[in-house]
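Each residue of the sequence shown is one higher than the last, beginning at 172 in the numbering used here.
Accompanying notes for the structure given below.
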Amino acid sequence: MDGQALARVRDRVRSHASGGQQDAVLGSAALLDAAQLVLDAVDRLSADAPAGLAVPVAHAVANLHWARWSLLPEDRGAADFHTAFCLFTVLRAADPRMVPAALARSFAAQPPEQQPPHEILHAVGAVLAGEYGHDPDEDLALYATVLFGQAVKLVPASDPARPVLLFDFGLALRRLADHTGDEDSLRAAAEYLWQGASALRTDPARIAAAWAEVGDTLNLVFDSTKRLSHLDGALAAHRAAVAAVPDVAAHARVGADLWRRYQLTARPDLLEGAAAAFLAAARLAPDTHPLRPGVLSSLATALLERGAITRDLALVAEAVAVAEAAVTSVTAGTAKHHDGIAVADNLVALHEILARARRDGVLPESVARPDNADLAGDRAAAADGLVRDFGRAGDPADLDLAVQLADWALGAPVLDTATAAVALGAIARADLMRFQLFGDPAELDTAAGAAKRAVDLSRPDAPERADRLATLGSVLRTRFEVVGDLRDLDAALAALAAAVGSLRQGHPAYAEVRSAHGAALLARFAVSREPALLASALAATGAAVGATSADDPAYASFLTRHGRALAARFEQTGEPAQLAAAVAAQAAAVEASPPTHPEHAMTRWSLAAVLRSRWQLTGDPADRDRAAALLGDALAALPADDPRRGLALTELADTVADPAESIAAYRAAAWCAPAFTRVRLTAARRYGELSLARGDHAAALAGYRLAIQDLLPRLVDGRPTEDSRRRDAETFPWLASDAAAAAIAAGEPEEGLRLLEQGRSIRWARALELRGEHEDLRAAHPAQAARFAEVRAALSAEVGRVASAAGRGRAGRHDRLLAEIRELPGFAGFLRPPSSDRLRAAASGGPVAVVNLSRQRCDALLLVPGRADVLVCPLPEVTAQDVAHRSGEFAGALRLLGAPDTDQAARTKGEDVVLSTLEWLWDEIAEPVLTELGLCAAVEDGAEWPRLRWCPTGPLAALPLHAAGRHGVDQDGAWVGDRVVSSYAPTLTALLRKDSRRSDGPPRVLGVGLAHTRGGPPLASAQAELAALRELFGARVAPLVGSRATRSAILAALPNHPVAHFACHGRHDPDDPAAAHLVVHDGPLPLRDLAGADLTSAELAFLSACDTVDGRPSTFGDEPIHFAAACQLAGYRQVVGALWHLADESGPILTREVYASLADGASFDPALALHLAVRGLRRDDRFAAPSHWARFVHIGPS
């Protein structure tokens, strides 16, 4: 207790009692001392208080207010009397002699109840609040607020006085905010006023007044925050006032709120509502009502706006008539002078608009939404508020409205940079949230652009700059997770680092920005594995955890990020202590996220991940079991249509001990429609693999069918990134081949062939960036193509378990759009597997042997002209592992043979490997296939050569099946070339190209020759090959030699020359097949440029360049992608190339022989011409070794 304050209060009371000094008790200083005494004794304001009643304080304060009551007019003194009364009811219980005689007689006649402490506090605060109205001293407002706040804390929830206390506390907070300008106090005032008004149970007039106060306060809050939720709250409060007492003022307030909302959002229904509310107020207002002029003026403005947007001149005339009535009201002396001026000005403006409309027929588009800087700022701020409020309300429509408001703000003719930065920041956050909801990657592009511009427009010292940098970092990091472009991640790191650098610990955003920076550092470490990045990630995420209290909703998320960094440290170091720390952090995150927490599912998921790591380290089944249980809890918490369920189910399948449970979880993930496409693909594949291993062939086939027919076509096309190539390398290897093996095991070889063809075709198209069905759709039906591309992008987005997720209904939209597209003319087979009839058509020119190499079994699937079924030729001794090993040995031998410094012993060893490989191919693959087809003997001289198209899969594609045989024996029919003319096909569909493009007679030939190119060895054969072409074709050859062989010249000449001969270097990247190119005079001529050229008349490409066909291992997957085959897919019906390069004379000799057969004009059969030329080389002692002649191949139909 403040003894000096108590003494001052007693002295003031004595001065008044003894000398009649009124100022001693009426000044604010006396009230402030009394208030401080009451607050100090808050725990001793009851006779029942544990420490007893603070009698001196209660007595002094009661006497002060009793004295004030005796001096003040009745209306001002009522609050003092009530305060004295409350205190004397308490003092009476302690000592009745302390009660003044007049009050004691009343108490004796009707004994009062002791007033509780909260009512005493309320009463003292009410006196100070009333005094503030006469003496606006900030201390009076502050003490009144504190007194009301203490009263609210003490009043029981069931006490009937609680609503009044809440409301008065809100009024006090607003009074304090009016005096100090403190926005937090104003927002708190609105909250307590709302609580109090909602609970009031009194007469309608008081309820209406209370709701009017609430609405007016929320309008002030909106002026500060520009959040539409506050404006909507004001409207709801003012409507509640109308419901209680529908008077003029109440309707006018509703009209003003609706008009204000309409000004920001331009919604016609709000304009209609505003006009209706103003009309209702006008009808209730008599001519002498003080609000009538303003109400009529507002009604006139609303009517004019309706006329402007509907182009209705009658409404404009009505608006003028209403405005004239408003002026009449003013002249009757019913409004203040300044209101009269405003109404008159409005009438003049309306008259001008009406006169112009009648004269020129022109109406303004709007009078309510002038394009000025103030309105632009309001809209930008409102957009920002909608985005920030989204986390609480969660209505996606608010994000759409936020973007619309921000766009309007940015479109204003008068726009300052601060407003533009606010609007752009709102767009960036809204689009990021829309991506997290719906998964459309296009949202990330607009978000990134807006976030970057917002940062650029922010002053270096602006307090908002850190927030905008953090937004930019979050957007770019999310886009990296989806697209995989490291430039995004590096830019995100730079933005987040700058944001961290501009914040001090203790700033509200410090922890979130540091945690986000740590997450980005961890993502970068996952790519580069640089220890310094991981150390920085640990420090950043740890600092975020340390700066956050355990009851903060973000605490669990920060712990989860820190736990992931600790888990990464364990993966790097293998130290069990790091794993234990990761488990502890994730366990703490679980404790901090109860079922109602937004991260409830994700924290359990993250803990499961580190427990599974510990199980893999220690083998403790308890960790595995707990991880599985946590994943089950996470799945139970995720909505049924959450895309993340697919990934959670996949991880559950990888965790559970029971194989049957694992298969069931993979199955659930594969058929989880909302899940991301690649997640479902992985699950469907694993379901097929495990089912096939268990002998359930029907289930395996169902899984593979889902993967290839439904999911593979959903992958987004386009220029591949490093990340997409990595994902493709995880997705495609063995998928189609294993699917075919499952179908064969299930007794469905035709189904197997269809799955194999579709899977491999999609793979080739993605690897080579070839034109496909989507481009055809885009050309014919761009609108449908755009919608389909959007939903496919959403389904293909991959943001993992850490991203927010909704994506509701995307799979359903995909299926509906797909069905719609298949109804379009010419698109019935869009994204369907090839029909059986189409596959059989591939054998119209002779049998086809599709050699399917899978990890389960190896078979040749044979298409024979005239047969409706697919023959199966089992190849039981062939395994994927053996083929891969032999392919590697074969490639190593060829490198030795192609090197100029290889000695004779090494050459002999290399030739032995080539011979043994060809013998193995003959024994295990080629001879069984030929026998099954009835091609059992050598072709006799003069007989017609049978044809056979080989379509090998997997590593077999790098081996020369056409040259398989026993070449060390003198026996006819002991190698493939004695029995058939061989061609190759990358896919069966590639064999279906018609030859109607070729004209009769010798073709026109484009001859490209470069004997010397930068960075490559000389090609001595180039000049000889071009000379042979000129000799054989004469004027039908268009030579582009040396400096004339430029990219533009070649691409311009290709459409007019059905045959193109390339005697130049080539480059092939096994890891990026689409980057393959021919080296011409002015640089690389990429495959993608050839594919984009007009090749409608292209018949034959002859590639005598080195490395055009390459069997080197590729990180792209199990099967090498050949440049020569890619040329065939890009548009050339037939291609001749070499599997490997040797610096000998066989190339020019073979080139002359092939073209000699084609130049006579009698027939055009490159496959037969090559076959005969190869047989000739084989008989030439100089080239008898298979390494010389087996390298030449024909690709395409023959």
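Idealized CB from N, CA, C, for every residue including glycine.
Given the structure is predicted, the values throughout are model-derived calculations rather than measurements.
Here's a check: name, in chain order, each residue in its chain whose Cβ is nearer than 6 Å to the Cβ of A831, leaving out the five neighbours to either side. As a working mapping, residue 831 is identified with position 660 in the sequence shown. Closer than 6 Å at the Cβ level, and outside the excluded window around A831, lies no residue.
Pull up the DSSP beta-bridge partners for L1256, would you. Within the sequence shown, numbered from 1, the residue matching residue 1256 stands at position 1085. Note: L1256 sits in a beta bridge opposite L1249.
Expressed to the nearest angstrom, what Euclidean distance is found between the alpha-carbon atoms of E1090 and D1352? For this step, residue 1090 is matched to residue 919 along the sequence shown. For this step, residue 1352 is matched to residue 1181 along the sequence shown. Approximately 20 Å between the Cα atoms of the pair.
E822 to H952 span [Cα, whole Å]: Taking the sequence shown and counting its residues from 1, the one referred to as residue 822 is at position 651. Taking the sequence shown and counting its residues from 1, the one referred to as residue 952 is at position 781. Going by the C-alpha atoms only, they are around 40 Å apart.
Please state whether the Cβ-Cβ distance between V1396 and R1218 is less than 8 Å. Here the chain has residues from 172 to 1369 only, and residue 1396 is not among them.
Own chain residues within Cβ distance below 6 Å of C1029, not counting five before or after: Walking along the sequence shown from the start, residue 1029 turns up at place 858. Hits under 6 Å: L1046, V1049.
Just to confirm my understanding: we take V1212, look at its own chain, exclude 5 residues before and 5 after, and list those with CB closer than 7 Å. What are they? As a working mapping, residue 1212 is identified with position 1041 in the sequence shown. Excluding residues within five positions, the ones whose Cβ falls inside 7 Å are G1180, L1197.
DSSP puts Y1155 in a beta bridge; with which residues? For the purposes of this step, residue 1155 is taken as residue 984 along the sequence shown, with counting starting at 1. Paired residue(s): W1121, I1366.
Is there contact here, the stretch 702-710 with the stretch 725-745, by at least three beta-carbon pairs under 8 Å? yes
Figure out for me which residue from G444, L1348, A423 has the closest Cα to the Cα of Y433. In the sequence shown, counting from the first residue as 1, residue 433 sits at position 262. Answer by Cα proximity: G444.
Do A551 and T590 have their C-beta atoms within less than 8 Å of each other? By 1-based counting over the sequence shown, the position of residue 551 is 380. By 1-based counting over the sequence shown, the position of residue 590 is 419. Contact flag set, yes.
Measuring alpha carbon to alpha carbon, tell me which of L906, T316, Q1075, R1057 ends up nearest E1095. In the sequence shown, counting from the first residue as 1, residue 1095 sits at position 924. Measuring from the Cα of E1095, the nearest candidate turns out to be R1057.
Leaving out five residues before and five after W786 in sequence, what residues of the same chain have Cβ atoms less than 6 Å from its Cβ? What you label residue 786 is simply residue 615 of the sequence shown in a count that begins at 1. So the qualifying residues of the chain are D794, R795.
Buried or exposed: which applies to V761, given that a residue is buried once 16 or more other Cβ atoms fall within 10 Å of its Cβ? Stepping through the sequence shown from its first residue, residue 761 is reached at position 590. Answer is buried; the Cβ neighbour count reaches 16.
Check each candidate in D560, W579, P1368, A348 and name the one with the smallest Cα separation from R1304. Within the sequence shown, residue 1304 is the residue found at index 1133, counting from 1. The option with the nearest alpha carbon to R1304 is P1368.
From the DSSP output, which residues share a beta bridge with Q1305? What you label residue 1305 is simply residue 1134 of the sequence shown in a count that begins at 1. In DSSP, Q1305 forms a bridge with L1271.
So H1133 packs on V1110, CB below 8 Å; how close in whole Å? Stepping through the sequence shown from its first residue, residue 1133 is reached at position 962. Stepping through the sequence shown from its first residue, residue 1110 is reached at position 939. With 8 Å as the limit, H1133 and V1110 do not qualify as a contact, their Cβ atoms being about 15 Å apart.
Applying the 10 Å Cβ sphere with the 16-neighbour rule, what's the burial state of P1123? As a position in the sequence shown, residue 1123 is number 952, starting the count at 1. Burial call: buried.
Indicate the three-state DSSP secondary structure (helix, strand or coil) for V827 in the structure shown. Taking the sequence shown and counting its residues from 1, one reaches residue 827 at position 656. If DSSP states are grouped into helix, strand and coil, V827 belongs with coil.
With 16 other Cβ atoms within 10 Å as the buried cut-off, status of C1107: In the sequence shown, the residue the question calls residue 1107 occupies position 936. The residue is exposed, with fewer than 16 neighbouring Cβ atoms inside 10 Å.
So, helix, strand or coil for A960, using DSSP? Here residue 960 refers to the residue found at position 789 when the sequence shown is read from its first residue. DSSP places A960 in helix when its eight states are reduced to three.
CB of F259 within 8 Å of CB of V270, strictly: Here residue 259 refers to the residue found at position 88 of the sequence shown. Here residue 270 refers to the residue found at position 99 of the sequence shown. Cβ atoms of F259 and V270: closer than 8 Å.
Would P1291 and A1129 qualify as a contact pair, given that the criterion is a beta-carbon distance under 8 Å? Looking up residue 1291 in the sequence shown gives position 1120. Looking up residue 1129 in the sequence shown gives position 958. Cβ distance < 8 Å, so P1291 and A1129 count as in contact.
Go through its chain and collect everything with a Cβ distance to L360's Cβ below 7 Å, but skip five positions before and after it. Start at 1 with the first residue of the sequence shown, and residue 360 comes out as number 189. Here residue 360 is Ala; the residue named in the question, Leu, does not match the sequence. Excluding sequence neighbours, A360 sits near G341, L344, R345, A348, T388.
When you compare each of A1012, A1272, A423, E1060 to A113 by their alpha carbons, which one comes out closest? Coverage of the chain is limited to positions 172 through 1369, which leaves residue 113 absent and any answer about it impossible.
If we ignore side chains and look at the alpha-carbon of each, how far apart do H1359 and A1314 end up? Walking along the sequence shown from the start, residue 1359 turns up at place 1188. Walking along the sequence shown from the start, residue 1314 turns up at place 1143. Approximately 10 Å between the Cα atoms of the pair.
Would you say the stretch 364-375 touches the stretch 390-401, given that touching needs at least three Cβ pairs under 8 Å? no
Helix, strand or coil: which one does DSSP assign to R346? Sequence index remark: in the sequence shown, residue 346 carries index 175 (1-based). Helix at R346.
Outcome for P327 when other beta-carbon atoms lying within 10 angstroms are tallied against a minimum of 16: For the purposes of this step, residue 327 is taken as the residue at position 156 of the sequence shown. That one is exposed.
How do the stretch 271-280 and the stretch 187-204 stand: do at least 3 beta-carbon pairs fall below 8 Å, yes or no? no
Report the residue from R648, F696, A715 whose alpha carbon sits nearest the alpha carbon of H678. Numbered from 1 along the sequence shown, position 507 holds the residue referred to as residue 678. H678 has its Cα closest to that of A715, out of R648, F696, A715.
Cα-Cα separation, L177 to V228: Mapped onto the sequence shown, residue 177 falls at position 6. Mapped onto the sequence shown, residue 228 falls at position 57. In a straight line, the C-alpha of L177 is about 7 Å away from that of V228.
Outcome for G978 when other beta-carbon atoms lying within 10 angstroms are tallied against a minimum of 16: Here residue 978 is taken as the residue at index 807 of the sequence shown, counted from 1. Residue confidence for G978 is low, a pLDDT of 45 falling below 50, so the modelled location carries little weight; the figure read from the coordinates is stated next. The residue is buried, with at least 16 neighbouring Cβ atoms inside 10 Å.
Measuring CA to CA, which of F338, A669, A1262 is closest to Q1299? The residue given as residue 1299 occupies position 1128 in the sequence shown. With distances taken between Cα atoms, Q1299 lies closest to A1262.
For L1119, tell me which candidate among G478, V1035, R815, L1086 has the shortest Cα-Cα distance. Counting from one through the sequence shown, the residue named residue 1119 turns up at place 948. Measuring from the Cα of L1119, the nearest candidate turns out to be V1035.
Leaving out the 5 sequence neighbours to the left and right, which residues in its chain are closer than 7 Å to L1092 when beta-carbon positions are compared? Residue mapping note: residue 1092 aligns to position 921 of the sequence shown, counting from 1. So the qualifying residues of the chain are L1130, L1132, A1135.
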